[in-house]
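*Asks:* One structure follows; several queries about it will come next.
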Amino acid sequence: QGTPRLALKSLARRGDPLAQLLCTPQGMHDPYPLIESVRAQGPMVRGPLGWSTADYELCRMILRDNTFRVRAAEGFVPRPLRSLAGAAVLPPNPVDPPSMLVMNPPEHTRLRRPVASAFTPRAVKRLHDRVVSVTAELLDRLSRSDSADLAASFAAQVPIAIISEMLGFPDEDRDTFLGWGEQFSPMLDIGLSWRATSQAISAIMEWDHYLDTHLARLRSCPGDDILSGLVEAGQLDDHELKATASLLLGAGFETTVNLIGNGIVALLEHPDQLARLHAEPDLWPNAVEEILRFDAPVQRSARIASADLDIGGVQVREGSTVVLLLAGANRDPAVFGNPEVFDVGRVNARDHLTFSTGIHACLGASLARMEATYALRALFEQFPDLQLAGPPHRTPMFTLHGFDHMPARLGTRQ
Ligand code: HEM
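Dropping the structure here:
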């Protein structure tokens, strides 16, 4: 992950499909032909970053095998880039230790356990009423004009409202979080440019300062939210508390916004599938699984081999990285028939790997599913004539895959 962007760019120019995926506009806008080129080279492909795979069984096996570990030592941003951006040591953030996302057991288990209870299907069910009222407010606001950018005014708003409340943040700070998220999330991409790194680092610095003030407030006046609970339980030190808060806030909206946005576009581009949902509304939960499979909001993950291993017929050496193309696994023809077809009735849509699997499987999967199912259904039922008013614009990122602009004409509200 520390491979310099220049090396990736030069490999991309020479036609390496993984490098093209990771750092060219095509990789960000239309990754699927490139993913198929990776698949065509075999189940395990050697490339600029070590190994990569788009094979469903291998991705699943590697994610579930604890001989493969996450990158705890350094986090995501290479040290030289950090010091260039003026921050040799970063404050706690979602992609550096001690964020659970990049920690291995036993620390991972200790960090994940205290927050897991807030995200069980039962806990998420209790949040349904809030999702209903937040969505209703947004749809009321939308109905006051004929057109809107659904990325900013709808897709982003539902998840940020819910996760901010869960963490006890004031409503009026949501826009600030959205701004920091925009600067921060390119950090998940490999071979980040210096400019993007320094922007991401300033967002982390500002967020750290904000969080100090917020935690001090919760200590003197605890609320009924996840962070107050963690402060009171006293099991996490300050660094761990801040890394956890950062991960929950970031993961809580940066991904679900793309699930809702990718869903809006997929359904508008497949009117037959939307018509089927109008006729068979019980299919909505399955449609959300199909959106997650067909156009995954998180396109990849990675693991590091902690021993020499024989995987998919190749020798993977201890310390090698394996890039797991989750979006490719979701289109593996050995598992999903006609994988390039968007089918809201697909029987095994829920087998996708978009939420990962194994010990790092997404903690917020139930929440994301609930938010997207309700928000998409309400939007399309209340605005049945909704149309795109121009081409939607892809966010220029690979790992997180969504739209940052989605101009739409709303039509009459039902
Ligand atoms: C982990 C995807 C929504 C919280 C992950 C991972 C993926 C993922 C792929 C695992 C990465 C790996 O194995 O390396 C998604 C997608 C979402 C979504 C596609 C929405 C569509 C959420 C939400 C939350 C959340 C709403 C909650 C606030 C987390 C946390 C982890 C995680 C805390 C770390 C789990 C661990 O390391 O044990 N997510 N996520 N995610 N997600 Fe999500």
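Sequential numbering of the sequence shown, starting at 882, is according to my numbering. Think of the CB as a built atom: it goes at the ideal place given N, C-alpha and C, for glycine as much as any other residue.
(1) Can you name the start and end residues of the beta strand (DSSP E) that T934 belongs to?
(2) Counting Cβ pairs, one atom from each stretch, are 3 or more of them under 8 Å apart for the region 1099–1113 and the region 984–992?
(3) Hey, is I1044 close to ligand 1, as in C-beta under 7 Å from one of its heavy atoms?
(4) Cα separation between I1082 and L1019?
(5) Kindly list the residues whose CB is nearer than 8 Å to the CB of M1287, restricted to its own chain and excluding five residues on each side of it in sequence; keep chain order.
(6) Just list the residues that DSSP pairs F1307 with in beta bridges.
(7) Please classify D1105 as buried or exposed, where buried requires at least 16 neighbouring CB atoms within 10 angstroms.
(8) Does the distance between the C-beta of S998 and the nearest non-hydrogen atom of ligand 1 fall short of 7 Å?
(9) When the Cβ atoms of the region 960–975 are set against those of the region 990–1008, are three or more pairs found closer than 8 Å?
(10) Could you say if the region 1186–1194 and the region 1164–1174 meet the contact criterion of at least three C-beta pairs nearer than 8 Å?
(11) Return the CA-CA distance between G923 and P898, expressed in angstroms with no decimal places.
(12) Which same chain residues, not among the five before or five after P1220, have their C-beta less than 6 Å away from its C-beta?
(13) Could you give the DSSP three-state label for V1195: helix, strand or coil?
(14) What number of angstroms, rounded off, separates the C-alpha of A966 from the C-alpha of D1089?
(15) What do you get for S1066, buried or exposed, if any count of 16 or more other CB atoms within 10 angstroms of its CB means buried?
(16) Under 7 Å from any heavy atom of ligand 1, does the C-beta of V1179 make it?
(17) Rounded to the nearest angstrom, what separates S1237 and T1001 at their Cα positions?
(18) Near G1239, what residues of its chain come up, given a Cβ to Cβ distance below 6 Å and the 5 sequence neighbours on each side ignored?
(19) Do you know whose CA, among I1185, K1006, V1228, lies nearest L930's CA?
(20) Are the Cβ atoms of A1230 and E1135 separated by less than 8 Å?
(21) Would you check if the distance between the CB atom of S1182 and the CB atom of L1205 is smaller than 8 Å?
(22) For F1217, is the beta carbon positioned less than 7 Å from some heavy atom of ligand 1?
(23) Could you check the C-alpha separation between R895 and Q901 for me, to the nearest Å?
(24) Among all the DSSP beta bridges, which residues are the ones paired with I1185?
(25) Would the beta-carbon of G1226 fall within 8 Å of that of R1157?
(26) Tell me whether D1285 is buried or exposed, calling it buried when 16 or more other Cβ atoms sit within 10 Å of its Cβ.
(27) If you drop the 5 nearest sequence neighbours on each side, which residues of the same chain put their C-beta closer than 7 Å to that of R1076?
(28) The alpha helix (DSSP H) that contains D1089, what's its start and end?
(29) Taking all protein chains shown into account, decide if K1123 is buried (16 or more other Cβ within 10 angstroms of its Cβ) or exposed.
(30) Helix, strand or coil, according to DSSP, for L1190 in the structure here?
(31) Mind checking whether the beta-carbon of V951 lies closer than 7 Å to any heavy atom of ligand 1?
(32) At a cut-off of 7 Å, would you count F1261 as near ligand 1, judging by its Cβ distance to the nearest heavy atom?
(33) Could you name the residues that DSSP lists as bridge partners for D1030?
(34) Cα separation between G1297 and S918?
*Replies:* In this structure, then:
(1) Along the sequence shown, read from residue 1 onward, the residue named residue 934 stands at position 53. Element bounds for T934: 931–934.
(2) Contact between the region 1099–1113 and the region 984–992 is not established, with fewer than three Cβ pairs separated by less than 8 Å.
(3) Locating residue 1044 in the sequence shown gives position 163, counting from the first residue. Yes, the beta carbon of I1044 sits closer than 7 Å to at least one heavy atom of ligand 1.
(4) Position 201 of the sequence shown, counted from the first residue, corresponds to residue 1082. Position 138 of the sequence shown, counted from the first residue, corresponds to residue 1019. Roughly 32 Å separates the two Cα atoms.
(5) For the purposes of this step, residue 1287 is identified with residue 406 of the sequence shown, where counting begins at 1. Hits under 8 Å: D1030, L1031, A1032, A1036, G1142, I1145, V1146, L1269, P1273, H1274.
(6) Residue 1307 is absent from the structure shown; the chain starts at 882 and stops at 1295.
(7) Start at 1 with the first residue of the sequence shown, and residue 1105 comes out as number 224. It counts as exposed.
(8) Working through the sequence shown from its first residue, we reach residue 998 at position 117. For S998, the distance from the CB to the nearest heavy atom of ligand 1 is not below 7 Å.
(9) They do not touch, by the three-pair rule.
(10) They do not touch, by the three-pair rule.
(11) For this step, residue 923 is matched to residue 42 along the sequence shown. For this step, residue 898 is matched to residue 17 along the sequence shown. Cα to Cα, the separation comes out at about 13 Å.
(12) Within the sequence shown, numbered from 1, the residue matching residue 1220 stands at position 339. By the criterion of a C-beta distance shorter than 6 Å, P1220 is surrounded in its chain by R1212, P1214, once the five residues flanking it on both sides are discounted.
(13) As a first step, residue 1195 must be located in the sequence shown, where it is residue number 314. Residue state, collapsed to three classes: strand.
(14) Mapped onto the sequence shown, residue 966 falls at position 85. Mapped onto the sequence shown, residue 1089 falls at position 208. Rounded to the nearest angstrom, the two C-alpha atoms are 16 Å apart.
(15) For the purposes of this step, residue 1066 is taken as the residue at position 185 of the sequence shown. Label assigned to S1066: buried.
(16) Position 298 of the sequence shown, counting from 1, holds the residue named residue 1179. Inclusion of V1179 in the 7 Å shell around ligand 1 follows from its C-beta lying nearer than that to a non-hydrogen atom of the ligand.
(17) The residue given as residue 1237 occupies position 356 in the sequence shown. The residue given as residue 1001 occupies position 120 in the sequence shown. When rounded, the separation of the alpha-carbon atoms in S1237 and T1001 is 16 Å.
(18) On the sequence shown, position 358 is the one that residue 1239 refers to. Correct list, in chain order: L944, R945.
(19) As a working note, residue 930 is residue 49 in the sequence shown. Among I1185, K1006, V1228, the Cα nearest to that of L930 is on I1185.
(20) Counted from its first residue, the sequence shown places residue 1230 at position 349. Counted from its first residue, the sequence shown places residue 1135 at position 254. With respect to E1135, A1230 sits apart: the two C-beta atoms are not nearer than 8 Å.
(21) Counting from 1 along the sequence shown, the entry for residue 1182 is found at position 301. Counting from 1 along the sequence shown, the entry for residue 1205 is found at position 324. Between S1182 and L1205, the C-beta spacing is below 8 Å.
(22) Counting from one through the sequence shown, the residue named residue 1217 turns up at place 336. For ligand 1, not one heavy atom lies less than 7 Å from the Cβ of F1217.
(23) For the purposes of this step, residue 895 is taken as residue 14 along the sequence shown, with counting starting at 1. For the purposes of this step, residue 901 is taken as residue 20 along the sequence shown, with counting starting at 1. Cα to Cα, the separation comes out at about 9 Å.
(24) Along the sequence shown, one-based indexing puts residue 1185 at 304. According to DSSP, residue pairing for I1185 in a beta bridge involves R950, T1202.
(25) Translated into positions along the sequence shown, residue 1226 becomes position 345. Translated into positions along the sequence shown, residue 1157 becomes position 276. If you check the CB distance, G1226 and R1157 come in under 8 Å.
(26) Your numbering for residue 1285 matches position 404 in the sequence shown. Burial call: buried.
(27) Counted from its first residue, the sequence shown places residue 1076 at position 195. A distance below 7 Å between beta-carbons, with the five flanking residues on each side excluded, links R1076 to no residue of its chain.
(28) The sequence position of residue 1089 within the sequence shown is 208, counting from 1. Element bounds for D1089: 1075–1101.
(29) Position 242 of the sequence shown, counting from 1, holds the residue named residue 1123. Label assigned to K1123: buried.
(30) Translated into positions along the sequence shown, residue 1190 becomes position 309. Of the three classes helix, strand and coil, the one that applies to L1190 here is strand, per DSSP.
(31) Translated into the one-based positions of the sequence shown, residue 951 becomes position 70. Flag set: Cβ of V951 near ligand 1.
(32) On the sequence shown, residue 1261 is found 380 positions in, with the first residue counted as 1. No.
(33) Against the sequence shown, residue 1030 aligns to sequence position 149. Among the bridge pairs identified by DSSP, D1030 is matched with P1288.
(34) Because the chain here runs from 882 to 1295, residue 1297 falls outside it and cannot be looked at.
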